[in-house]
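Visitor: My structure is below; once you've seen it, I'll send some questions.
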Amino acid sequence: MVHPADRPDPIDPRGPRLNQAVLTVGLVIGGAADQRWVVPLFAAVLAVGAAFGPRFGPVLRFYATVVRPRLGPPEEWEDPRPPRFAAAVGTGFLAAATVAFAVGLATVAWALAAVVAVLAGVAAVTGLCIGCEVWTAWAAWAVRPDAPLDGPTPVVPDRPTDVVFTTPWCANCDPVVAALSAIDDGREIVVVDATQRPDLAADHRVRSAPTVVRFDADGVATGRLVGLRAVREATAPAV
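If you want it as structure tokens, here you go:
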């Protein structure tokens with residue numbers, strides 16, 4: 000089971016996206032020029048980052064030491080485990096491609112490399128990391144109780160309340176709770192671990208964490224905020 004105490008320090012998500020962009024460009028250029036050495040090279044680059052973390056990946060290290068100091072802080076932070084899992088999957092595909100080259104199956108090798116290039120390109124441009132989504136789905140399944148829980152629903156006091164749905168691997172959940180707690184507007188804050196109460200998460204159509212469901216003093220849901228940016232915008236002082 001995944002516990003909050005096991006959650007590693009969050010990372011700047013712009014680092015992995017730069018890594019994915021470099022990977023995409025390198026594989027595309029390598030494929031166009033039939034430079035087969037780029038495949039084992041990027042397999043090694045991904046393997047180092049997947050095995051030892053972002054501090055050891057060459058591109059991620061370059062981002063942390065050269066690029067990031069010239070940028071402002073990220074709007075949100077990211078759990079490092081999903082991108083590391085995605086890097087491990089990419090390593091597997093590129094390792095298989097390297098073997099395919101070695102046995103003379105160049106078409107198969109470039110097809111495997113193309114899968115990595117396309118997925119990395121999509122992640123770099125849109126932020127949608129398929130490997131990360133697979134890890135998140137697996138983590139949700141792994142911590143899901145074996146039997147349904149029938150405990151009480153969150154107690155919504157007779158005053159406006161924010162119910163914050165979190166998960167143990169959510170990098171932005173603690174900042175969301177902190178941001179809501181810093182607003183002295185009389186609202187109660189109730190934190191619910193969606194992996195321990197999947198019934199409540201389903202009832203309120205929670206698909207990602209953090210999600211804040213807002214209730215009025217009568218216990219009626221009046222809206223929702225999804226993600227750290229939405230919470231910051233909703234709680235920002237009026238100008």
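Just so it is clear: in the sequence shown, position 238 is 237 by numbering that gives the first Met the number 0, and no numbers are missing.
Even glycine gets a Cβ: it sits at the ideal position worked out from N, Cα and C.
1) How do the stretch 20 to 40 and the stretch 64 to 80 stand: do at least 3 beta-carbon pairs fall below 8 Å, yes or no?
2) Which runs of the alpha helix (DSSP H) at least 4 residues long sit entirely within the stretch 164 to 228? Give them in chain order.
3) Using the Cα positions of ASP149 and VAL191, report the straight-line distance between them to the nearest angstrom.
4) Can you tell me which of VAL162, THR194 and ARG196 puts its alpha carbon nearest to the alpha carbon of VAL225?
5) If you run the structure through DSSP and keep just helix, strand and coil, what is PRO151?
6) Taking DSSP as the reference, what is the three-state secondary structure of VAL65?
7) Short of 8 Å in beta carbon distance, which residues of its chain neighbour ALA233, apart from the five on each side in sequence? Order them along the chain.
8) Quick one: what does DSSP say ALA4 is sitting in, helix, strand or coil?
9) Since ARG158 is in the alpha helix (DSSP H), which residue starts that stretch and which ends it?
10) Helix, strand or coil: which one does DSSP assign to VAL248?
11) Tell me whether the stretch 120 to 130 and the stretch 83 to 91 touch, counting them as touching only if at least three CB pairs, one residue from each stretch, are closer than 8 Å.
12) Could you give the first and the last residue of the continuous alpha helix (DSSP H) run that contains PRO81?
13) In whole angstroms, what is the alpha-carbon distance linking ALA63 and PRO12?
Guide: Answer, in terms of the structure:
1) no
2) 172 to 180 and 197 to 202
3) Any reading at ASP149 must be qualified, since the residue scores a pLDDT of 41, below 50, and its modelled position is unreliable; the value itself is stated next. So the two alpha carbons sit approximately 14 Å from each other.
4) VAL162
5) At PRO151, the pLDDT of 44 sits below 50, so the modelled position is not reliable; the number obtained from the coordinates is stated separately. DSSP places PRO151 in coil when its eight states are reduced to three.
6) helix
7) LEU224
8) Bear in mind that a pLDDT of 44 at ALA4, under 50, signals an unreliable position, so the number given afterwards is only what the model happens to contain. Helix, per DSSP.
9) That residue, ARG158, is in no alpha helix (DSSP H); it is neither H nor E in DSSP.
10) As shown, the chain starts at 0 and ends at 238. That puts residue 248 outside it, with no answer to give.
11) yes
12) 80 to 101
13) 11 Å
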